[in-house]
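Below: the structure, in structure tokens.
Protein chains in written order, with the working numbering: chain Z, 16 to 88; chain G, 4 to 229; chain H, 45 to 274.
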């Protein structure tokens, strides 16, 4: 029982290398999380902008056509 | 005239027209052989790996060659306004669709039955080990390809970019059927029998065929009449 | 359409403002949540990834209902709804695919894993993108709406078959954390549900805007016809 727990004890002691690696892993995690959220938001924002521009274009065309029809009358 | 006679009349008409001109079937067959040739450059045709991926290769060849036949299916009726005449004829849209699907099915099966031995010779594959099961998979997979292909052929007949839209619509929706057919063909060519593990692919293939045949028969009238 | 657009506009802006407030608050709350034990910070992407996926699924279901209703009633309002909701759903599904891919890069070590859900989501995306392309290819409005509705029904039937068959093929996507008894604490669940609500509301606002654009487009087409006739 006592002897068996010794390797476990060793396993829990972190070497400086481990700490550096763990920090790097966390850093990478945050980095990718920020990429993910940025890209996802970018897609939705681009879609909204795309819709806004289409809406403007539609409004403009309808207005100009209506004006033209009024003129002809 | 009852429904099945109408279906057979349409199918016979299409087959007769095709056998007189042979434009779709010749093109499709030549295309299948060319793809088989090209694959030999992409993969080592004599290696063991080929046997493992052979099911996939075969169905890609069939799907590509199939679009050439399916593309012509409704487009053939466009000159001289034959399509309008067919729609105005006293038969239901479902009968017209089913007749055309059966004609395409026969043509596609013919192309496949010619390419199979060619494939076996070129790639040094003994594909006849599980012949009856392989034929069953071939029949089921080809029906899935035909029924969806004929449907998209009807959808795209009158629109711009017909040649582009047909494969664009057909291939993604065929993904499950092609996956099942590829997996089964791969295993049958390798000599594995149908067992409790891969039988569910067979069931899925049957289910796919039944569902899409039924839905197409219901919806084709609205597509043709508009 | 014009006489009630005043009130409709107010409600729409109000909803949009509510969505933005909830989302900004959620970003703040999520950033302060502790890290998940096994996966670390990247796990938090789930607060975005899953609501977006569920919203896209709802969008597909609404598109199916609208398409069937169009085929029954031949009312172009349903066609406008179908195209609007499909387009919005595609944008959401794209966000879902990309967040999932970035998550997979960390956890699986690869951008794309060809597992069941990724692949079926991709097939689904392609099917609905084909829907939009089909609409562009058909000129005549009634025909366009009919063909698109039929295609929407076909695509919707395909999605569950794709999901099940790719699951048989191979899978490595994590099981849903809520039903699998995973490590999802209750206060996280609350944040998640808030985000879910925000996403659905956002999709609704976008869809309404898109439906209006579709109506404006039809008005434009009819004006063009009048102008042409004169």
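Ideal placement from N, C-alpha and C gives every residue a C-beta, glycine not left out.
>> For a contact defined as C-beta to C-beta under 9 Å, what are the partners of residue 253 (chain H) on chain Z?
In response: 63, 66, 67, 70
>> Is residue 3 (chain Z) close to chain H? Criterion is C-beta to C-beta, closer than 9 Å.
In response: Nothing can be reported for residue 3 (chain Z), as the shown portion of chain Z is limited to 16 through 88.
> In this structure, does DSSP put residue 46 (chain G) in helix, strand or coil?
Replying inline: coil
> Is residue 111 (chain G) helix, strand or coil when you go by DSSP?
Replying inline: helix
> With DSSP run on the structure shown, which of helix, strand or coil describes residue 11 (chain G)?
Replying inline: helix
> Does residue 85 (chain Z) have its Cβ less than 9 Å from a Cβ in chain H?
Replying inline: no
> Roughly how many whole angstroms lie between the Cα atoms of residue 214 (chain G) and residue 201 (chain H)?
Replying inline: 9 Å
>> Please list, in chain order, the chain Z residues whose beta carbon lies closer than 9 Å to that of residue 130 (chain H).
In response: Going along chain Z, no residue has its Cβ under 9 Å from residue 130 (chain H), so there is no contact; the nearest lies around 13 Å.
> What whole-angstrom Cβ distance do residue 148 (chain G) and residue 158 (chain G) have, given they're in contact under 8 Å?
Replying inline: Incorrect: roughly 15 Å between the Cβ atoms, too far for contact.
>> Using the Cβ count rule (16 or more neighbours within 10 Å means buried), how would you classify residue 93 (chain H)?
In response: buried
> Looking at the C-beta of residue 67 (chain G), does it have a partner C-beta in chain H at a distance below 9 Å?
Replying inline: no
>> Against residue 75 (chain Z), what residues of chain H qualify as contacts under a CB-to-CB distance less than 8 Å, listed in chain order?
In response: By Cβ distance, chain H contributes nothing, its closest Cβ being about 10 Å from residue 75 (chain Z), past 8 Å.
> Which residues of chain Z have a Cβ atom closer than 8 Å to the Cβ of residue 261 (chain H), listed in chain order?
Replying inline: 73
>> Please return the same chain residues whose Cβ sits closer than 7 Å to the Cβ of residue 74 (chain H), not counting the five positions on each side in sequence.
In response: 88, 91, 235
> Can you list, in chain order, the residues of its chain whose CB lies under 6 Å from that of residue 206 (chain H), leaving out five sequence neighbours each side?
Replying inline: 164, 167
> What's the C-alpha gap between residue 34 (chain G) and residue 126 (chain G)?
Replying inline: 17 Å
>> I need the DSSP call for residue 206 (chain G), collapsed to helix, strand or coil.
In response: helix
> Buried or exposed: where does residue 60 (chain Z) fall if 16 or more other Cβ atoms within 10 Å of its Cβ makes it buried?
Replying inline: exposed
> For residue 158 (chain G), which residues in chain H fall below 8 Å Cβ to Cβ?
Replying inline: 178, 191, 194, 195
> Roughly how many whole angstroms lie between the Cα atoms of residue 232 (chain H) and residue 182 (chain H)?
Replying inline: 47 Å
> Which chain H residues are close to residue 225 (chain G), counting only those with a beta carbon under 7 Å from its beta carbon?
Replying inline: 115, 190, 194
> According to DSSP, is residue 25 (chain G) helix, strand or coil?
Replying inline: coil
> Where residue 267 (chain H) and residue 80 (chain Z) are concerned, what is the direct C-alpha to C-alpha distance, given to the nearest angstrom?
Replying inline: 7 Å
> chain Z beta carbons: is any one of them nearer than 9 Å to that of residue 278 (chain H)?
Replying inline: Only positions 45 to 274 of chain H appear in the structure, and residue 278 (chain H) is not among them; the question remains open.
> Helix or strand or just coil, what does DSSP make of residue 193 (chain G)?
Replying inline: coil
> Which same chain residues, not among the five before or five after residue 108 (chain G), have their C-beta less than 8 Å away from its C-beta?
Replying inline: 145, 146, 149
> Roughly how many whole angstroms lie between the Cα atoms of residue 13 (chain G) and residue 220 (chain G)?
Replying inline: 15 Å
>> Against chain G, which members of the stretch 144-171 of chain H pass a CB distance test of less than 8 Å?
In response: 167, 170, 171
>> I believe residue 115 (chain H) touches residue 144 (chain H) by the beta-carbon criterion, under 8 Å. Please report the beta-carbon distance rounded to the nearest angstrom.
In response: About 33 Å; that fails the 8 Å criterion.
>> Once the 5 residues before and after residue 97 (chain H) are set aside, which same chain residues still bring their CB inside 7 Å of it?
In response: 140
>> Is there a Cβ of chain G sitting closer than 9 Å to that of residue 206 (chain H), yes or no?
In response: yes
> On the three-state DSSP scale, how would you describe residue 199 (chain G)?
Replying inline: coil
> Taking only beta-carbon atoms, is residue 38 (chain Z) less than 9 Å away from chain H?
Replying inline: no
> What is the DSSP secondary structure of residue 93 (chain G), counted as helix, strand or coil?
Replying inline: coil
>> Here's a check: name, in chain order, each residue in its chain whose Cβ is nearer than 7 Å to the Cβ of residue 197 (chain G), leaving out the five neighbours to either side.
In response: 136, 205
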